[in-house]
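Engineer:
2 protein chains.
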Amino acid sequence: MPQVNAYAAQSPTSGVKPFPIERRDPRPDDVVIRIDYCGICHTDIHFVQNDWGRSLYPVVPGHEIVGTVTGVGAAVSGFKPGDRVGVGCLVDSCRTCSSCNEGLEQYCENGWTATYNGEDRHDGTRTYGGYSGQIVVSERFVLRMPAALDPAAAAPLLCAGITTYSPLRHFGVGPGHRVGVVGMGGLGHMGVKFARALGAEVTLFTRSEAKRAEAERQGAHQVIVSTDRKAMAAAAGRFHFILDTVPVAHELDPYVNALQRDGTLILVGMLAPTDPPLHTGPLVFARRRIAGSLIGGLPETQEMLDFCAAHGIACDVEMLDIRNVNEAYERMQRGDVRYRFVIDMATL
Amino acid sequence: MPQVNAYAAQSPTSGVKPFPIERRDPRPDDVVIRIDYCGICHTDIHFVQNDWGRSLYPVVPGHEIVGTVTGVGAAVSGFKPGDRVGVGCLVDSCRTCSSCNEGLEQYCENGWTATYNGEDRHDGTRTYGGYSGQIVVSERFVLRMPAALDPAAAAPLLCAGITTYSPLRHFGVGPGHRVGVVGMGGLGHMGVKFARALGAEVTLFTRSEAKRAEAERQGAHQVIVSTDRKAMAAAAGRFHFILDTVPVAHELDPYVNALQRDGTLILVGMLAPTDPPLHTGPLVFARRRIAGSLIGGLPETQEMLDFCAAHGIACDVEMLDIRNVNEAYERMQRGDVRYRFVIDMATL
């Protein structure tokens, strides 16, 4: 019998309101999950506000989900009721293209299925996310949550965590590397933690001198205030990698110039609303690169969770009663959160 | 005794005129070279016209030099009179930074010395290039010219050749790779030849349908007319690497979109006078990269010359009497050369 148990945003102006959402009965490969915690990602706000013009109301946001298995389909072998699990940005993909075959479902050549505002590949129904009491997800897209992780602080790992971990791993960041992280929000503070845990020398670039002590507490060896032209000039040619987590339009040249020869500027955010100009000189004269990276595939996300458990890494979170979601959105838009809100679903 | 034996551009309007240029007496590590052939690079035109605002007149252009050793300093061990040699874009560098230590003198962290319009690191004199009867160059910056190479057709290898060979080698292009080359001028036609010889499947992107047969003759397996939207759309996601040789402002998005996941767009030209916008979406959603690459270091340039000898590769050239340099410049600016002018220095 379909489940009725969710909140949903009905329009940009009405905000988040109770709305009955049906969850499908489990298919043979499905895991039924009671949602315990759900992180709030900036993407949620974009969809609730229809900033990208492709929101399909009602939207149930949320793709940083930690929960507990309450049931499994007949063909599920890896999970059983009572298991603590996670669900991130993807709940399905074509499973046949070369990216899927390599466990890089986030680059599925036929388009992956988003955890919310997506369309189920089998029955064409809408997908609804984690601001909800329950979710039903195919086994392949369910993560095992290590017991050592605090489940609430682990929720944002499913998006903010893997988005920063994946490129650092893909590009082989490790001891001997000087790594810069631009911005210290939900993603940036995870980037600092991961780069540090991977053995790199970590520098945080921030516009605010006030974040210095906090960045050092997060693991940064050094902080450079990006508005300090002298400090930026002194950083020229220093970095092997710079992970740029800033999701709004900003100048890239100062960071490109801070790369050494063969260095890579890794972009994980969409730079909106205007695109920066691409200056070819700084790339050509030092064989530098600008690369993009998108969240992570399922195997790498599992690896990241296990890495966090082994290294005692978690997201810094502020717990939230679901009735205060709108207030949380407002605070996020002012940058007033350290560093991720997580909804306690017991408050639903 | 200083040598007096060069042509030099005195101003953008006067073009190339006879002018006495002194060449230094050989230092212990110097090789004295009689210049037999010199290719004409677009950069030469930029310097003659002072397009970049940093020409120091008199300019003697030319950095695609093939000649014959006529004398060597006391400490020179690798060359002797009569040897056929080459000189490219660099005649010196700091020789102590990490790039120089790795044989990547083109990325010298203290700035390499250009073959012309540069400044000698020892005596502060101006450097003068290959539109000349003779040049004196430190042994480390002199290339051995394999006997199997036609010396005239080999001259442009020293710039157009190494500029395209270096990134293909650095990024590991080989069998199983689909490689696109954008533009078929002096650089592009070499890019096609090298990518083909390295075992890749090669596609030429050109604005002109008329170049199809010629591109296939050069070794391209396929030609895509870049103004054909349908053909470009069909190419989406296909290429491991695209080598973009077009040195003027143009849209990059069509080529970024033609890359597959983890594909790299390699830029070897400065995009002037306007910078294209950098759209982050196509990078992020397929972990694509945009990289720059600059000519090549001395060891790799030698490797490239040996590779050309082994694979029967040369530049397609049109021989030129030095009295017709101005006419050649005009033809180059109309794109009317297949694919490189080479000055026969016997006409000096």
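Just so you know, the sequences run in chain order A and B. Here my numbering = 1-based position in the first sequence + 1429. Here my numbering = 1-based position in the second sequence + 1429. Glycine included, C-beta positions come from ideal geometry on N, C-alpha and C.
1. Output needed for Arg-1453 of chain A: all residues of its chain with C-beta closer than 8 Å, excluding positions within five of it in sequence on either side, in chain order.
2. Chain B partners of Asp-1704 of chain A, CB-CB under 8 Å?
3. Alpha carbon to alpha carbon, how far is Asp-1691 of chain A from Arg-1717 of chain A?
4. Under 8 Å, with one C-beta from each stretch per pair, do the segment 1706-1724 of chain B and the segment 1623-1642 of chain B reach the 3-pair mark?
5. So that I know if they touch, is there some Cβ in chain A lying closer than 8 Å to that of Ala-1715 of chain B?
6. Using a Cβ cut-off of 9 Å, which residues of the segment 1641-1672 of chain A contact any Cβ in chain B, in chain order?
7. Go to Gly-1500 of chain B, then tell me how far its beta strand (DSSP E) extends in each direction, as first and last residue.
8. Please state whether the Cβ-Cβ distance between Ala-1757 of chain B and Ala-1583 of chain B is less than 8 Å.
9. Can you look up Gly-1612 of chain B in the DSSP assignment and give me helix, strand or coil?
10. Give me the subset of the segment 1530-1542 of chain A whose CB atoms are less than 8 Å from a CB atom of chain B, sorted by chain position.
11. Excluding five sequence neighbours on each side, which residues of the same chain lie with their C-beta closer than 6 Å to the C-beta of Val-1461 of chain A?
12. Quick one: does Met-1699 of chain B have its CB under 8 Å from some CB of chain A?
13. Closest Cβ-Cβ distance between Tyr-1768 of chain B and chain A: below 8 Å?
14. Can you list, in chain order, the residues of its chain whose CB lies under 7 Å from that of Glu-1638 of chain B, leaving out five sequence neighbours each side?
15. Using a beta-carbon distance below 8 Å, is Ala-1757 of chain B in contact with chain A?
16. If distances are taken between C-alpha atoms only, which option among B:Asn-1686, B:Asp-1682, B:Gly-1710 comes closest to Ile-1695 of chain A?
17. Quick check on DSSP: helix, strand or coil for Met-1774 of chain B?
18. Is there a Cβ of chain B sitting closer than 8 Å to that of Arg-1573 of chain A, yes or no?
19. Compare the beta carbon distance of Thr-1674 of chain B and Val-1697 of chain B with 8 Å and say whether it is the shorter of the two.
20. Out of B:Leu-1672, B:Val-1520, B:Pro-1683, which has the shortest C-alpha to C-alpha gap to Ala-1543 of chain B?
21. Got a sec, what are the start and stop residues for the alpha helix (DSSP H) Ala-1720 of chain A sits in?
22. Straight-line CA distance for Pro-1705 of chain B to Pro-1683 of chain B?
23. So which residues of chain B does Phe-1584 of chain A contact, with C-beta pairs closer than 9 Å?
24. Taking a contact to mean a Cβ-Cβ separation below 8 Å, would you say Asp-1616 of chain B touches Met-1733 of chain B in this structure?
25. Would you please verify whether the beta carbon of Leu-1616 of chain A is less than 8 Å from any beta carbon of chain B?
26. Going by beta-carbon coordinates alone, are Val-1621 of chain B and Val-1610 of chain B separated by less than 8 Å?
27. What does the alpha-carbon distance come out to for the pair Ser-1506 of chain A and Arg-1573 of chain A?
28. In the DSSP assignment, find the unbroken alpha helix (DSSP H) run with Met-1748 of chain A in it and report its ends.
29. Considering only residues of the same chain and omitting the five flanking positions on each side of Lys-1509 of chain A, which have a CB-CB separation below 8 Å?
30. Grouping DSSP H, G and I as helix and E and B as strand, with all else coil, what is Gly-1590 of chain A?
Structural biologist: In short, the structure shows the following:
1. Pro-1431, Asp-1459, Asp-1549, Asp-1552, Thr-1554, Val-1565
2. Pro-1706, Leu-1707, His-1708, Thr-1709
3. 5 Å
4. Using a C-beta cut-off of 8 Å, the segment 1706-1724 of chain B makes no contact with the segment 1623-1642 of chain B, since fewer than three inter-stretch Cβ pairs fall below that distance.
5. Closer than 8 Å to some Cβ of chain A, the Cβ of Ala-1715 of chain B qualifies, so yes.
6. Gly-1666
7. 1494-1501
8. no
9. Gly-1612 of chain B falls in the coil class under three-state DSSP.
10. Leu-1533, Tyr-1536, Glu-1538
11. Pro-1455, Thr-1499, Gly-1500, Val-1565
12. For Met-1699 of chain B, the answer is yes, since a Cβ of chain A falls inside 8 Å of its Cβ.
13. Tyr-1768 of chain B is outside the set of residues whose beta carbon lies under 8 Å from a beta carbon in chain A.
14. Apart from sequence neighbours up to five positions away, the residues of its chain that approach Glu-1638 of chain B with a beta-carbon distance below 7 Å are Val-1654, ordered along the chain.
15. no
16. B:Gly-1710
17. helix
18. no
19. yes
20. B:Val-1520
21. Where Ala-1720 of chain A is concerned, there is no enclosing alpha helix (DSSP H), although the beta strand (DSSP E) it sits in stretches over 1718-1721.
22. 12 Å
23. It should be pointed out that residue 1584 of chain A corresponds to Ala in this sequence rather than to Phe. Those do not exist, as Ala-1584 of chain A stays about 23 Å from chain B at its closest Cβ, beyond 9 Å.
24. The question names Asp, yet the displayed sequence has Leu at residue 1616 of chain B. At the C-beta level, Leu-1616 of chain B and Met-1733 of chain B stay beyond 8 Å of one another.
25. no
26. yes
27. 13 Å
28. Met-1748 of chain A -> not in any alpha helix (DSSP H); beta strand (DSSP E) instead, spanning 1746-1750.
29. Val-1498, Val-1501
30. helix
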